[in-house]
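J.: Dumping the structure here so I can ask a few things about it.
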Amino acid sequence: MVTDSRAALWMRVFESRFLSDESFVQTVLMNSPFNSTLVNHNMRYIYWPHYDGDPSHYWARMGYSFIGGPQVINSSSAPSVFRSPYMFARKFEPAVDSAAVRLWDDWMGLKLRGARPPEQEPLGGASYANAQMDSETPLERPITR
């Protein structure tokens, strides 16, 4: 049972929205007293197939369920992800390359134990002075093949 009036309002706003779980947190934060301190960047590593030209070749090779999505991070592209300054990465697919998921787990395990991998760039561009991360750090990193 929700008794707080603000929580009840947000419940009414999102109860009939399509994919409301994908926009709830950011909507509430942008409508909060903290909105002036938010970093305007998703800090997510995504490599889209169209960066390499016509994406239809990639999607045809991968199969129907991958059409329209980003390239799957595999064992050979994972080191580029780990060197990036981003906190999140998309898309890992265990059915395509389970070794990449194990690499991710090992890398995150190091970070969770407090180690900062020396090859990872700092997230220095994401500051209040540069909330867009547009001058120091590019939004996307090409995967080194």
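Start counting the sequence shown at 1; every next residue gets the next number (the UniProt record's numbering). Don't be surprised by glycine CBs; every beta carbon is placed ideally from N, CA and C. Remember, predicted model here, so these are calculated numbers, not experimental data.
1) Under 8 Å by Cβ, that's how I've got Pro94 and Trp107 pegged, so tell me the actual separation to the nearest angstrom.
2) Alpha carbon to alpha carbon, how far is Ser56 from Ser75? Give it in angstroms, no decimals.
3) In terms of residue numbering, what span does the alpha helix (DSSP H) encompassing Tyr58 cover?
4) CB Ala78 to CB Ala100, shorter than 8 Å?
5) Here's the rule: buried if 16 or more other CB atoms are within 10 angstroms of the residue's CB, otherwise exposed. What is Pro49?
6) Measuring alpha carbon to alpha carbon, tell me which residue in Phe82, Phe92, Glu121 and Asp97 is nearest Gly109.
7) Check the C-beta distance from Lys91 over to Ile73 and give it rounded, since I have them as a contact under 8 Å.
8) Please name the residue or residues paired with Tyr45 in a DSSP beta bridge.
9) How long is the line joining the alpha carbons of Leu19 and Val25, rounded to whole angstroms?
10) Going by C-alpha to C-alpha distance, which of Val96, Arg102, Leu112 and Lys111 sits closest to Ser65?
11) For Tyr86, I'd like the list of residues in its chain whose CB is within less than 7 Å of its CB, leaving aside the five on either flank, ordered along the chain.
12) Just the C-alpha distance for Leu103 and Tyr47, rounded to the nearest angstrom, thanks.
13) Express the C-alpha separation of Arg6 and Glu22 in angstroms, rounding to a whole number.
14) Measuring alpha carbon to alpha carbon, tell me which residue in Arg113, Leu38 and Gln120 is nearest Ser84.
T.: Judging by the given coordinates:
1) Here the question's residue 94 lines up with position 94 in the sequence shown. Here the question's residue 107 lines up with position 107 in the sequence shown. No, Pro94 and Trp107 are not in contact; Cβ-Cβ is about 16 Å, not under 8 Å.
2) Numbered from its first residue, the sequence shown carries residue 75 at position 75. Numbered from its first residue, the sequence shown carries residue 56 at position 56. About 22 Å.
3) Position 58 of the sequence shown holds residue 58. Segment Pro55 to Met62, the alpha helix (DSSP H) holding Tyr58.
4) If you number the sequence shown from 1, residue 78 lands on position 78. If you number the sequence shown from 1, residue 100 lands on position 100. For Ala78 and Ala100, yes; Cβs fall inside 8 Å.
5) By one-based count along the sequence shown, residue 49 stands at place 49. Buried, because 16 or more other Cβ atoms sit within 10 Å of the Cβ of Pro49.
6) Numbered from 1 along the sequence shown, position 109 holds the residue referred to as residue 109. Selected option, being the one with the closest Cα: Phe82.
7) Taking the first residue of the sequence shown as 1, we reach residue 91 at position 91. Taking the first residue of the sequence shown as 1, we reach residue 73 at position 73. The pair is a contact, with the Cβ atoms about 6 Å apart (cut-off 8 Å).
8) For the purposes of this step, residue 45 is identified with residue 45 of the sequence shown, where counting begins at 1. Bridge partners of Tyr45: Ala89.
9) On the sequence shown, residue 19 is found 19 positions in, with the first residue counted as 1. On the sequence shown, residue 25 is found 25 positions in, with the first residue counted as 1. Rounded to whole angstroms, the gap between the alpha carbons of Leu19 and Val25 is 12 Å.
10) To locate residue 65, count along the sequence shown from 1; it is residue 65. Minimum Cα distance to Ser65 is reached at Val96.
11) Mapped onto the sequence shown, residue 86 falls at position 86. Answer for Tyr86: Met43, Arg44 and Tyr45, listed in chain order.
12) One-based indexing of the sequence shown puts residue 103 at position 103. One-based indexing of the sequence shown puts residue 47 at position 47. Our two residues, Leu103 and Tyr47, have alpha carbons roughly 18 Å apart in a direct line.
13) The count along the sequence shown starts at 1 and reaches residue 22 at position 22. The count along the sequence shown starts at 1 and reaches residue 6 at position 6. Taking the straight line joining both Cα atoms gives about 20 Å.
14) In the sequence shown, the residue the question calls residue 84 occupies position 84. Restricting attention to Arg113, Leu38 and Gln120, the CA atom closest to the CA of Ser84 is found in Gln120.
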